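Asks:
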Amino acid sequence: MDEPVPVRRTLGGWALIAVPYVWLLIFFLAPFLIVFKISLSQIAVAIPPYIPTFDLASGWQAFFEKLGELSFENYLWLTQDDLYWKSYISSVIIAGISTLLTLVIGYPIAYGMARSPQSLRPTLLMLVILPFWTSFLIRVYAWIGILKNEGLLNQLLLTLGIIDEPLVILNTNMAVYIGIVYSYLPFLVLPLYASLERLDGSLLEAAEDLGCPPWLAFWKITLPLSLPGVIAGCFLVFIPAVGEFVIPDLLGGSDTLMIGKTLWTEFFNNRDWPVSSAVAVILLMILVIPIILFQNQQQKIAEKEA
Amino acid sequence: MTRGPSWFNVTSLVVGFSFLYLPIVLLVIYSFNKSRLVTVWGGFSVEWYVSLLHNEQLLDAAWVTLRVAFVSASVATVLGTAAALVLVRSGRFFGRSLFSGMIFAPLVMPEVILGLSLLLLFVAMDQSRGFWTVILAHTTFAMCYVAVVVQSRLVGFDKSIEEAAEDLGCPPVKTFFLITLPIILPGVVAGWMLAFTLSLDDLVVASFTTGPGATTLPMKIYSQVRLGVTPEINAVCTILVVLVTIGVIAASLATRRQQVQKERDERTAFGAEG
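As you go down the protein sequences, you meet chains A and B in turn.
Under our numbering, the first residue of the first sequence carries the number 1, and numbering increases by one thereafter.
Under our numbering, the first residue of the second sequence carries the number 1001, and numbering increases by one thereafter.
#1: With a cut-off of 8 Å on the beta carbons, I'd call I259 (chain A) and S98 (chain A) a contact; round off their distance for me.
#2: Tell me whether N1033 (chain B) sits in a helix, a strand or coil according to DSSP, three-state version.
#3: To the nearest angstrom, how far is it from the Cα of A1142 (chain B) to the Cα of I1103 (chain B)?
#4: For M126 (chain A), return the contacting residues in chain B, with the cut-off set at a CB-CB distance below 9 Å.
#5: What did DSSP end up calling F1196 (chain B) once you bin it into helix, strand or coil?
#6: What residues from chain A crowd round V1150 (chain B), counting only those whose CB sits closer than 7 Å?
#7: Which of the three DSSP states is assigned to I43 (chain A) in this structure?
#8: Please report the straight-line C-alpha distance between L157 (chain A) and E150 (chain A), rounded to a whole angstrom.
#9: Suppose contacts are defined by Cβ-Cβ distances below 8 Å. Is W273 (chain A) in contact with F245 (chain A) by that definition?
#10: Which complete alpha helix (DSSP H) runs does the stretch 147-209 of chain A hold, if anything under 4 residues is left out?
#11: Taking 7 Å as the limit between beta carbons, can you name the residues of its chain near Y184 (chain A), skipping five residues before and five after?
#12: Starting from T265 (chain A), find everything on chain B with Cβ-Cβ shorter than 9 Å and list it in chain order.
#13: Could you tell me the boundaries of the alpha helix (DSSP H) in which K1174 (chain B) lies?
#14: What residue from B:V1010, B:V1248 and B:L1243 has the CA that sits closest to P108 (chain A)'s CA?
#15: Indicate whether the contact test is met: 3 or more Cβ pairs, each with one atom in the stretch 1121-1134 of chain B and one in the stretch 1167-1182 of chain B, closer than 8 Å.
#16: By how many angstroms is the C-alpha of F1196 (chain B) removed from the C-alpha of G1091 (chain B)?
#17: Which value, in whole angstroms, describes the spacing of the CA atoms of G201 (chain A) and D1265 (chain B)?
#18: Among the candidates B:Y1145, B:K1159, B:Y1222 and B:P1218, whose CA atom is the shortest distance from the CA of M1193 (chain B)?
#19: Check the Cβ-Cβ distances between E1232 (chain B) and every residue of chain A, and say whether any is below 8 Å.
#20: Between G243 (chain A) and chain B, is any beta-carbon pair separated by less than 8 Å?
#21: Is it buried or exposed for R1226 (chain B), if we count other Cβ within 10 angstroms and need 16 for buried?
#22: Determine, for Y111 (chain A), whether the minimum Cβ-Cβ distance to residues of chain B falls below 8 Å.
#23: Would you please verify whether the beta carbon of T134 (chain A) is less than 8 Å from any beta carbon of chain B?
#24: Mind pulling the beta strand (DSSP E) runs of 3 or more residues that sit fully within the stretch 1011-1089 of chain B?
#25: Whole angstroms are fine: how far does the CA of L287 (chain A) sit from the CA of F294 (chain A)?
#26: With a cut-off of 8 Å on the beta carbons, I'd call E1232 (chain B) and S1051 (chain B) a contact; round off their distance for me.
#27: Using the beta-carbon count (16 or more within 10 Å), is M1219 (chain B) buried or exposed?
#28: So which residues of chain A does P1186 (chain B) contact, with C-beta pairs closer than 7 Å?
#29: For T262 (chain A) and S39 (chain A), I'd like the C-alpha separation in whole angstroms.
#30: Flag Y1145 (chain B) as yes if its beta-carbon sits less than 8 Å from any beta-carbon of chain A, otherwise no.
#31: Please go through the same chain and pick out, in chain order, the residues whose beta-carbon is closer than 8 Å to the beta-carbon of D1201 (chain B), but skip the five residues on each side of it.
#32: Who are the near neighbours of K1034 (chain B) in its chain, counting only those whose CB is closer than 6 Å to its CB and skipping five residues on each side?
#33: Taking C-beta pairs closer than 8 Å, name the residues in chain A that V1241 (chain B) reaches, listed in chain order.
#34: Roughly how many angstroms lie between the CA atoms of A280 (chain A) and A217 (chain A), to the nearest whole one?
#35: With distances taken Cα to Cα, identify the nearest neighbour of E1124 (chain B) among B:V1204, B:V1148, B:Q1259 and B:T1209.
#36: Using a Cβ-Cβ cutoff of less than 8 Å, which residues in the same chain neighbour G1274 (chain B) once the five nearest sequence positions on both sides are dropped?
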């Protein structure tokens, strides 16, 4: 950028950077450090319900003394009680299966949108975005009435004579898969559509002219070129799904173990802040690799566009 | 891609969109159900809407939610637009990757982590929890969504108009308000609306960061849903869905009209030149 009045611009420029930067440092980064700190402290019957660990207010001397008192007890506790590690594993598996299902359902939708006439595309795009704007909670809630034993799906299937007894779907993992696929579908369709729309149609025509069957052309051309969209979409579904609380809580059963739900129970029902902090720290450690991969990919896409 | 749709494309679109919309449509239909049993149709009735008007707690919660959403969306729009300008315009500076990391991470961060960490921050700051802490929390994650929406608008921006204004001696702040803002306005408006609905919708972060006297509508709906599905909740949900739908459609029509107007103006301008 050319700078006609460098001094003023720089000052304003720095202020522009500083305000959102400092906000995020205080309200996004600092809280993680506090979570980490509290995960090392012990539960207490007090308000707030933990014994404070190191506290800079009481000086450096006290700080070093406290450093010796740090307890990894909460982490030890997480490894001993199999509820926690089972929750982590089952969250990752449920999120993984749901992501695959979302991809299988979302790809044909994004593909169909990219193939539709130009004039129709803004409307279709709008139709995908609209449910994303309506409340998440409401969309999850809507499925309860459908999936219940005496719900609308069972009523329909019984009337059609497809089944003799109502299917038990609500309060099973199946309902959780449906809930995650339904809630996160727009997150996958949007980036995928963006990369499919940019795809150069002449490549497919060339393949066809050279006698390539459509399925092979799809496999060799369309799929590899849409891969950035697939990856971005899968990250956008997988990462939040691992820590999902509302869906397993409302649609899942008592045997549906997901770490978001475990953390919630630990915090609100058992009021054990240190252990729930430790649960959050481990969850973050599990997710940090996919999050970094996601960011690198976003940056690459952004640089390509710029 | 320009090739025409096949039967497969049409089918997948029809099936896909039915999947997306059927649950919401059913929810709306059953909010007019006379029967208290949500899944048995007992005739048309608006009694659940009438009974909503007498449910003081629910109305209170709705009012709290709207105020939280309005304030947090507005602050988030200012911060998010600034962040987007930084991401696109500021080039390299110390800590840039940390900055963009802090913008993108909240988009995928599980809500339970965001909620818990903000709560612990407020406790550490000895801040009593309630209305304002929910606003701070919502502003923080909403600004990241605003930043991403505005950023995509800024990327396709013709910088020469701005440079022309500055060459003619227009101060940067004035250039921003006279030139940059009007051009990115659709993105800023979309960002505000997204921030507003995200706040309207949030259960998890609000549950962690709220205190006595600041129960939001999603928290109220959630606690009622846990007790069972009732037509009354369907009615609340229907109202919310209708409001959001009207808002989004109105905003997109306005944007599209502005776009058409802009194209027409540009054509006239270039026509006059030639």
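The beta-carbon is built from N, C-alpha and C at its ideal position, and this holds for glycine as well.
Since this is a predicted model, take the numbers as computed values, not measurements.
Replies: Working from what's here:
#1: Counting from 1 along the first sequence, the entry for residue 259 (chain A) is found at position 259. Counting from 1 along the first sequence, the entry for residue 98 (chain A) is found at position 98. With a Cβ gap of about 14 Å, I259 (chain A) and S98 (chain A) do not count as contacting.
#2: Walking along the second sequence from the start, residue 1033 (chain B) turns up at place 33. Note: N1033 (chain B) maps to strand in three-state DSSP.
#3: Here residue 1142 (chain B) refers to the residue found at position 142 of the second sequence. Here residue 1103 (chain B) refers to the residue found at position 103 of the second sequence. In a straight line, the C-alpha of A1142 (chain B) is about 10 Å away from that of I1103 (chain B).
#4: Taking the first sequence and counting its residues from 1, one reaches residue 126 (chain A) at position 126. The contacting residues are V1248, I1249 and S1252.
#5: Here residue 1196 (chain B) is taken as the residue at index 196 of the second sequence, counted from 1. Under the three-state reduction of DSSP output, F1196 (chain B) falls in the helix class.
#6: Working through the second sequence from its first residue, we reach residue 1150 (chain B) at position 150. The premise fails here: V1150 (chain B) is roughly 12 Å from chain A at the closest Cβ pair, so nothing lies under 7 Å.
#7: As a first step, residue 43 (chain A) is located in the first sequence; it is residue number 43 there, counting from the start. DSSP places I43 (chain A) in strand when its eight states are reduced to three.
#8: Reading the first sequence from its first residue, position 157 is the one you call residue 157 (chain A). Reading the first sequence from its first residue, position 150 is the one you call residue 150 (chain A). Cα to Cα, the separation comes out at about 11 Å.
#9: In the first sequence, counting from the first residue as 1, residue 273 (chain A) sits at position 273. In the first sequence, counting from the first residue as 1, residue 245 (chain A) sits at position 245. Cβ atoms of W273 (chain A) and F245 (chain A): not closer than 8 Å.
#10: 152-159, 173-197 and 201-209
#11: Position 184 of the first sequence, counting from 1, holds the residue named residue 184 (chain A). Contacts found: T102, V237 and A241.
#12: Your numbering for residue 265 (chain A) matches position 265 in the first sequence. Listed by position along chain B, the residues whose Cβ is nearer than 9 Å to that of T265 (chain A) form an empty set, because the closest Cβ is around 11 Å away.
#13: Sequence index remark: in the second sequence, residue 1174 (chain B) carries index 174 (1-based). Here the alpha helix (DSSP H) through K1174 (chain B) covers P1172 to T1175.
#14: The sequence position of residue 108 (chain A) within the first sequence is 108, counting from 1. Among B:V1010, B:V1248 and B:L1243, the Cα nearest to that of P108 (chain A) is on B:V1010.
#15: no
#16: Translated into the one-based positions of the second sequence, residue 1091 (chain B) becomes position 91. Translated into the one-based positions of the second sequence, residue 1196 (chain B) becomes position 196. The alpha-carbon atoms of G1091 (chain B) and F1196 (chain B) are separated by roughly 30 Å.
#17: For the purposes of this step, residue 201 (chain A) is taken as residue 201 along the first sequence, with counting starting at 1. For the purposes of this step, residue 1265 (chain B) is taken as residue 265 along the second sequence, with counting starting at 1. Straight-line Cα distance between these residues: approximately 32 Å.
#18: Locating residue 1193 (chain B) in the second sequence gives position 193, where the first residue counts as 1. Looking at the Cα atoms, B:Y1145 is the closest of the given residues.
#19: The residue labelled residue 1232 (chain B) in the question sits at position 232 within the second sequence. For E1232 (chain B), the answer is no, since every Cβ of chain A falls outside 8 Å of its Cβ.
#20: As a first step, residue 243 (chain A) must be located in the first sequence, where it is residue number 243. Yes, contact with chain B.
#21: For the purposes of this step, residue 1226 (chain B) is taken as residue 226 along the second sequence, with counting starting at 1. Around the beta-carbon of R1226 (chain B), fewer than 16 other beta-carbon atoms lie within 10 Å, marking it exposed.
#22: Your numbering for residue 111 (chain A) matches position 111 in the first sequence. It does: the Cβ of Y111 (chain A) has a partner Cβ on chain B nearer than 8 Å.
#23: For the purposes of this step, residue 134 (chain A) is identified with residue 134 of the first sequence, where counting begins at 1. Yes, T134 (chain A) counts as interfacial toward chain B.
#24: Segments of the beta strand (DSSP E) lying fully in the stretch 1011-1089 of chain B: there are none.
#25: Translated into positions along the first sequence, residue 294 (chain A) becomes position 294. Translated into positions along the first sequence, residue 287 (chain A) becomes position 287. Rounded to whole angstroms, F294 (chain A) to L287 (chain A) spans 11 Å at the Cα level.
#26: Along the second sequence, read from residue 1 onward, the residue named residue 1232 (chain B) stands at position 232. Along the second sequence, read from residue 1 onward, the residue named residue 1051 (chain B) stands at position 51. About 6 Å; that satisfies the 8 Å criterion.
#27: As a first step, residue 1219 (chain B) is located in the second sequence; it is residue number 219 there, counting from the start. The residue is buried, with at least 16 neighbouring Cβ atoms inside 10 Å.
#28: Residue numbering aside, residue 1186 (chain B) sits at position 186 when the second sequence is read from its first letter. Simply none; closest approach about 13 Å.
#29: The sequence position of residue 262 (chain A) within the first sequence is 262, counting from 1. The sequence position of residue 39 (chain A) within the first sequence is 39, counting from 1. About 15 Å.
#30: Locating residue 1145 (chain B) in the second sequence gives position 145, where the first residue counts as 1. With 8 Å as the cut-off, Y1145 (chain B) does not count as an interface residue toward chain A.
#31: Here residue 1201 (chain B) refers to the residue found at position 201 when the second sequence is read from its first residue. Contacts found: P1218.
#32: Reading the second sequence from its first residue, position 34 is the one you call residue 1034 (chain B). If we look at K1034 (chain B) and ignore the five residues flanking it on each side, its Cβ neighbours are G1042, G1043 and S1045.
#33: As a first step, residue 1241 (chain B) must be located in the second sequence, where it is residue number 241. Those within 8 Å of V1241 (chain B) in chain A are T134, S135 and I138.
#34: Within the first sequence, residue 280 (chain A) is the residue found at index 280, counting from 1. Within the first sequence, residue 217 (chain A) is the residue found at index 217, counting from 1. In a straight line, the C-alpha of A280 (chain A) is about 45 Å away from that of A217 (chain A).
#35: Taking the first residue of the second sequence as 1, we reach residue 1124 (chain B) at position 124. Just to set this straight, residue 1124 (chain B) is Ala in the shown sequence, not Glu. The candidate whose alpha carbon is nearest that of A1124 (chain B) is B:T1209.
#36: Counting from 1 along the second sequence, the entry for residue 1274 (chain B) is found at position 274. Summary for G1274 (chain B): the model assigns pLDDT 43, below 50, so the residue's position carries little reliability; its value from the coordinates is reported in the next sentence. The answer is none, since no qualifying residue turns up.
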